[in-house]
Every structure is written in C-alpha cells, then in structure tokens.
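Chains as they are written, first to last, in the working numbering: chain V, 20 to 360; chain E, 5 to 268; chain Y, 212 to 494.
Beta carbons are placed, not taken as given, at the ideal position from N, Cα and C, and that holds for glycine.
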Amino acid sequence: MSFIKFENISKSFDTLKVLKGINLEVKEGELLTLLGPSGCGKSTLLRCLAGLEEVGEGRIYLDGKDITYVDARQRRIGMVFQQYSLFPNMTVRKNLEFGLKIKKLPKDQIRKEVDEALQMVGLTDKDNAYPGQLSGGQQQRVALARAIVVKPKVLLLDEPLSAIDAKLRKSLQTEIRRIQKELNITTIFVTHDQDEAMIMSDRICLLKEGKLEQIGTPIEIYTEPKTTFAAGFIGNYNVFEHSEFEKITGEKNVLPVSVAIRPETITISKEKKEEANAYEFKGKVVESRSRGNVLRYVIDVNGIRIEADALFRSFSIFQDNCDVWLSVAKHDCLSVEREAV
Amino acid sequence: MKGDKFLKGIWKVIVAVFLLLPLIVTFVYSFAERWIYILPEGFTLNYYIQTLTNENFLLGIVRGLCISIIPVVITNVCILSALYLVIVHVPNLEKTVQIFCLIPSTVNGIILATSVLATYAGSGTIFANRIVMLSFIYCVFVMPMTYQGIRNSLYSVNTLGILEAAEMLGSRKIRSYVTIVIPSILPGLLNSALMCLSALFGDFAIIKIIASSQYETAQSYLYKNRHTDTQALSAAVVILLVITLIMNYTVHRSQQIKNEKRSA
Amino acid sequence: MIKNIKKAGGKMAFLLPLAFIVILFEWIPLADMVIRSFMDGGTFTLDNYASVFTKPVYLVAMKNSLWITLSSSVIGLIIDFFVGMALSGSKGKGKSLYLSLLNLTSTFSGVPLSIAFITVLGTSGVFVLIGRQFGIDALANYHLYSLGGMFVIYVYFQIPMGTLLMLSAFEKIRKEWKESAYLMGAGNIKFWTHIGIPVMMPAILGTFNMLFANAIASYATPYLLVNNSISLLSIKVVDMFVGDVKQRPGLGSALAIVLLVIVVVQIGLTNLCKRHFEKGAEK
C-alpha cells in the first residue's frame, strides 16, 4: 500500500496553473525524486504535502489518513529548504532542540536525541556554533539534522544542495542517501539536476509544466524515456523527428513518431562495419569535446547534427572534418511520444 | 490567520488616519474662506494668491534653498575626495574617515550649532560671519547621511576594480574616478543629496540659533507669522510640503530610472 | 597605517577639505564647549555642573526632556513595529501608496508640523471645535500647549522614519525560518518570541536610538508650542546662548554636555544589548 498518495492535485497562483491534476503514490521507506526544470511545479507539490501551500483541488493522504486540510503543524513532516533556513540567533544545538521543546519532551531525552542527530550528520563538535559561522554544506547538514531529529513521518528536501559547490555536493548526496537508508524514512527529494536524481533516488518522477511526465526507477527513466521531453532532459539523447530520422538512415517506413538515440549507443569508426540489425550511416566530424573519460563528437549527417560518445582511447580519436561511419543498433533507436499520455 | 490579517488591516488604517489627519486639515484649511465652526463656509484660492505673492515668503523659500544646496554640494565634494584617497591609496584610513563623518549623528544640531556659535561668534575671523557659520554647520549636519550614501554607492560599483581596469587602458586613476566612477554612481549620489536637501530645507533649530533675524528662510517666516491668519499659514505649509514632495518625487524617479536601466 | 600615509604623500591633500570642516566645525567647537563648561570668567570651576544638577529649573528640564523622549520613543517604536509588520505582509498598490504616505510625512516635521497640529488641536483647532459641539470633553479640553498635549506631535514624528526602518528589518526575516518553525509545530507567537524578534533586535534597538536622538534634540515643536512655560533641555541650552535673557555660555555649555552625555549613554546602553543579540550574526 502506498504511504503517501496525491490524488488529482491541482493548484493555481492567481491565473497561472502550476499543478494540473497530479496523481502520485510514494511507498514507505523509499526515496522519490521530483525532477524537472524550474517552474514545473515540483516545489509547489512538495509544499502542498508539507501544508505550506493550500491545495486547489484534489486530496493528499499520508499513512492512510486524509491530510488535505490538516494544519501543517500536525502533519509531522520534516523539511530541508534550499538555504537560509537555520535560525540565525540560535546555536546549532538550540536549532535542533527547538522542535523537541515544542513537543515538550523531557530535558535528558532532548539532549540524547540532539546528540544522536548531530552524530549522524557528523557535526558533534559544532553544537555551540552559530549558523553564520558554518559553511554552506555544514549549514545544510544541520538543517537535515534538525528535520530528522523530530522523527517525522516524511522527510522533504527542497533542492537542498543547489546552493552548494559541485565537489561538496557529491559527498552530501551520498551522505543524505546513507542517512535516509539508515532511518528508513520515506523521503521526497526535489531537484532540477538529473545526475543528482539518478544517483540518489529509488524512483524518479519527472514533471513538466505541472503534469507528470514519467515515473520509474532511474534505470527505467534513463533507458526507456517515454517522451521527447524525458529523452532530452535525462540522457542527453539525440531526439529526431521521424522525417529527420529517415534522412539520416535512409530507411523508409519508419513509424511516424520521434526517435531518441543515446550518444553512447552510437559507435564511430573509420570503416563500415556491415552489422546486422543496425543502422549505419556516413557523416563528417564537426567538433569534439573531451568530458573526462569520454569524448563527445558532434557529427554532421546529411545536414543533421548527431552527438555520439566514444571512450577516450587512441583508436577512437578522430580529427575534425574527417569522414566517419556511425552505427547504432536498431533496438537502441527508441520511439518516443511528443506529449505524455 | 484571517483574524490576524483583519487586525493588521485595522492597525494600518488607524495609523494612516493619524498620519493623514493634520495633512488633510491643513489642506482643507488652506482653501477655506472663513472657518469658525466645524465646516468652512466656502472655498477660495485667495490665501494661495496672498501667500504666493508675499515677497518675504518667496524670498524665504529661495534663501532656504540656497543655504541648503551650497552645503550639500560642498559636503559631497569633500567626501568624494576623501573616499578617493581611502579607496585608492590608504585603505586603512577608512575607519578614521567613517568616525569623522558619523560623529555628527550623535552630536545633534543644537549642540553643534551652539558650540560653533560660542567658539566663533566674537572671533573676528571670517567664521564669525553668520552665513559662513551656517553653511559649515549644515555641512557637518548632513555629513553622516552623505557619507553613507556615497560609501554604499562606491562599493556597490567596485570602484577600485574600475579604476584599475581604466589604468590598464591608459587613463589616470583620478581622471577615471571623475569621468567614470562618479557619473556611474550619480543616481545614488543625487538620491542622498536630495534627502539631505529636504532635511536642511526643513531645519528651524540651527537657523534660529545661528542667524535668527539676519537670514530669514521659509521656516523662520512661518514662525514669525504664526499668529496671523490660520488659512494663509496653512497655504504656506502646503506650499512648503509640495516643494519637499517634489524633491522626494525626484529621488523616487531617479531611482526608478536607475532600476529600469539596470534591468533592461 | 603610517607607512601607507607616507606612501600616499602629497595625495593626503584629498583628505584636507573634509578634515578642514570636521576639525574646525566639529572638534574644536566641541572641545571648546567642554572646556567652557568648566570655566567661569577664565578660572576653572565645577559650578556650572553643580547648578545643572542642583537647581530645580534644570533638573525639571532634564526630567521633562527624558520623560517626553523616552515615552514617545517607546510608544513610537511599538507603533512602528506593528505597522512595519502589517506592511511586510502586504504587497501591491496598497503597500506602495502607504510607503508614499510614510515618505511624505517623514519630511513633515518642525514648524510646519506644529502649525498643522495647532490647526487640528490648538485652542480653536478643528477637533477642539468638534469636541465642543458634540460635548466630547477629551477633545474640547485638549491642551496642546503642554507637555502631555505636545506628546501627540512627538509620537507623530516618530512614526514615518521608524516604520520605514522597521519594515526593512521585517523584510530580512526569511520565509524559510517561519516555515521551518511552523513545520516543527511552532505557532505565530512562538516564532516571533523565539526567532523573529531576537533576530530583529539589533534593528529594533538601532531604530530606538534614532527615535530617541530625534526626540531629545527636538526644538521647533516645543519652541513654538510651549517655549518657556515648560522647561526642556533643548530649549534651555539654546536660551543660554541666544536667549532674550542674559546669556550664560558656561552654564549653557554644561547643559549641552549633559545633553550629549545622555545621548551617548543611551547609545552605549542599547549597544550593549545589541551585542548580546548580534552574536548569532557573526562572520
């Protein structure tokens, strides 16, 4: 049974419709990521669950109960914001104690639970520091500790890492994931960063313009995008209209749908390979970029540009303007819809 | 939450009424023909004509503007020059200049004016001249506001960076300070200058202490004629308010233009 | 620092105009005033201060000044706080109109303001007439020309600037703090007492400083309304230098220094409080 259930949620700000009938279920203990470009409504959906925004239409169920109109203070939800959410006038310890004091827990229990939470995020030595004295990453860890110390039913993370620099972000991603698994806490994570979503999630829910575009495990979403938008947003897919695809492959009779091809499924070589069940076509290298261990080529095929990846090895290095043969297995050419159904 | 909003609304209305009351009454009074009872007996523009043709009042306005504009200009030039030195050559003098400029916010106008008066009144120097005295006291009086305005503007445009970039292109620092930096902070400069101007224009205490009878500004005119027709007096008050309103509006406008330019 | 100054050399001239004004028209007169307050006809004396602290007329002036300043500042601050709070929650045209009103009235002070209040609440002011007509004694017998009567004007000029300052302090309260506290089960009152007000405290104290300084130095209003019938520190100081009665610069200087010390002590005290609240804002 689902732990959280959004039923036909709609929401408008003035005349702007930000959520258009969202149906979504979250299982107990999983980490679900709401992924999408800015303005897709992912944060709004999260804030509706927290009770910080009123739902326009539809219902929200948490743990079997209808909480659509329950006061946010009674929902038992922990939340970490993008930044600046720590109370600047309180030390780290006081920040963590705040929620427990409101619950009127006994003093020694408060102490014990704060200590545990601080240990979990690795900031035991900072308990007397003020937020202003901490780095951005440390502040977010305190915010996480403050959210979990009250033992919420659900943990909501609203782009918690987007203000953190890239290197630190990676380590915080694994840390959040570790803590989430340790506590087995149902978590909804909002981000616009597809790599982050891939690394952290049990399931990803892709949103576009207030509508659910696709939902599935990271691997499903990555390997089987259902729409042109999903293909473009997640895997850097090459997406072609079917007329373009015909022009590239020379193949007629393809279905009138768009086709998506992941750059790493295309092989580049000097000669034609004559493989079965593959499309092969000739093109000219326009430019190449190194991305760490991968080279990304932009190749012109009959006036259409294709991106293809090759591992960084001596036989896979091609000069600009040289002619190459590309081949891609037929089953790697995915048909995708223009709109979500 | 609803009740909360209602309370806030009521509170805002009460305070707004309190703030508006003297304004509105003065405004209505200035047009009233005769007003002995609760409602005026008719409306007229006579008091405006009377006030606006009164030579003393008009001269008072002009005098008030002159004695306000000159110190504001002097103070701006002095602080721009001092901050140039601080930013470009002696950064650790910054605290000193700040203390220089901010002390007058603690030493209020009355203390400032009486101390200067007592020191220089009989000195026989040029400082004994009341107009000179008044101008310099005003300079000191607007120093804190001017300093803060200029400092914020100078740091918000990264002055040192601009000057160094211009120097690489072959322009001397002082030249680029005058031709690039100052024009680019002009809106902010104008803003604080106009605020100072309207503060000085509304001053009565300092002018009363230093030059009570010799230099009559619009404020002193109001004081001197406090026992004449309330209607004429109200008209004068409204005219002075309109003048400050124009100054304020100019501040607002210049800021708006600046914002539009920035966002465009 | 010395090294830098030496390096700057002749360029130090850029500082001269400012230094000229500050030294000649701020420091020398102030120093002169301190010295004069200890002088009587060329000899050192403490008599001036002795008079200030023993003669009833000056003690009353101090008491009156402190009373009207403190009470109008506290009441002004409370009004400013709540208007600022109400304004920070609203937006759009209503708010910008309100801001214009505050900006307009912030320049409405001194003589014009006092004259406007005479029109409203003076001996034959509109509201006094209304009071008489309808038998509202509080209005009919309102006596503007007294300490308590003047109080309303003091409160009036404490509102616009203070509210603008409070508003900008309220706008620094982050939505995230409110929402975090809310999700942890804290209501409005808990939020403001534990987080909102402590965070704003430096700004509140700063605003109080400004209100206090404004009120204690206020001269035009009492001069116009009560002049010498009620003694106030600011009026007494000026009287000693330019009054119609005999001028007594020594005594005047002592009074001025007392006035200055009151302001400095008040700022010192609030700064002590401020430091207590600012520790969270380090870095």
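Classify K245 of chain V as buried or exposed, calling it buried when 16 or more other Cβ atoms lie within 10 Å of its own Cβ. buried
Starting from D328 of chain V, follow the beta strand (DSSP E) in both directions and report where the run begins and ends. 323-330
According to DSSP, is L353 of chain V helix, strand or coil? strand
Taking the Cβ atom as the reference point for each residue, do T52 of chain V and A216 of chain V lie within a distance shorter than 8 Å? yes
Under the DSSP definition of a beta bridge, which residues are partnered with I234 of chain V? V:C224
Could you check the C-alpha separation between K230 of chain V and L35 of chain V for me, to the nearest Å? 14 Å
Is it buried or exposed for S445 of chain Y, if we count other Cβ within 10 angstroms and need 16 for buried? buried
Please tell me whether P267 of chain Y has its Cβ less than 8 Å away from any Cβ of chain V. no
Once DSSP output is grouped into helix, strand and coil, what is the label at M98 of chain V? strand
With DSSP as the reference, label Y256 of chain V as helix, strand or coil. coil
Spell out the partners DSSP gives V313 of chain V in its beta bridges. V:R310, V:L330
Beta strand (DSSP E) segment containing S346 of chain V, residue limits: 342-348
What does I406 of chain Y pair with, by DSSP beta-bridge criteria? According to DSSP, I406 of chain Y bridges with nothing at all.
Listed by chain order, chain Y residues near R176 of chain E by CB distance under 8 Å: What R176 of chain E touches in chain Y: nothing, since even the nearest Cβ is about 12 Å away.
Sufficient close CB pairs (3 or more, under 8 Å) joining the region 6-15 of chain E to the region 301-319 of chain V: no
Using a Cβ-Cβ cut-off of less than 7 Å, give me the residues of the region 218-234 of chain E that come near chain Y, in sequence order. Q223, L226, Y227, R230, T234
Quick one: what's got a C-beta closer than 6 Å to N114 of chain V's C-beta in the same chain, skipping five residues either side? L105, F106, R165
Chain Y contact for V161 of chain V (CB, 8 Å cutoff): no
Going along the region 326-354 of chain Y in order, which residues come within less than 7 Å of chain E, judged by CB to CB distance? I326, A327, F328, T330, V331, V337, L340, I341, Q344
Closer than 8 Å by beta-carbon distance: list the chain B residues that pair up with Y309 of chain Y, in chain order. The structure shown contains no chain B; its protein chains are V, E and Y.
7 Å CB neighbourhood of A236 of chain E in its chain, flanking five on each side removed: Y51, Q54, T55
Between the alpha carbons of C341 of chain V and T284 of chain V, how many angstroms are there, rounded? 21 Å
Do L62 of chain E and I213 of chain E have their C-beta atoms within less than 8 Å of each other? no
Within its chain, find whatever has a CB closer than 8 Å to the CB of V169 of chain V; leave out the 5 residues flanking it on each side and keep chain order. R95, G97, G118, L119, K122
Helix, strand or coil at F249 of chain Y [DSSP, three-state]: coil
DSSP on D82 of chain V, reduced to helix/strand/coil? coil
Can you tell me where the beta strand (DSSP E) with V206 of chain V in it begins and where it stops? Rather than Val, the amino acid found at residue 206 of chain V in this sequence is Thr. Segment 205-210, the beta strand (DSSP E) holding T206 of chain V.
State the start and end residues of the unbroken beta strand (DSSP E) segment that holds N27 of chain V. 23-32
If contacts are defined as beta-carbon pairs under 8 Å, then K30 of chain V and G75 of chain V qualify, I think. What distance do you get, rounded to the angstrom? 4 Å
Go ahead and pull the three-state DSSP assignment for I441 of chain Y. coil
The beta strand (DSSP E) that contains T52 of chain V, what's its start and end? 50-54
Can you pull the chain E residues whose beta carbon is under 8 Å from the beta carbon of D243 of chain Y, in chain order? S119, A122, T123
Taking only the alpha-carbon atoms, compute the straight-line gap between T221 of chain E and G463 of chain Y and give it to the nearest angstrom. 26 Å
Within a Cβ cutoff of 7 Å, which residues of the same chain sit near L65 of chain V, ignoring the five residues on either side of it in sequence? L53, L175, D177, I207, V209
Secondary structure at M5 of chain E, three-state DSSP: helix, strand or coil? Reliability of the predicted coordinates at M5 of chain E is poor, the pLDDT of 49 falling under 50, and the value obtained from them is presented with this limitation in mind. Coil at M5 of chain E, not helix or strand.
Check the DSSP bridge columns for Y254 of chain Y and list the partner residues they point to. Before going on, a small fix: residue 254 of chain Y reads as Thr here, not Tyr. In DSSP, T254 of chain Y forms a bridge with Y:D251.
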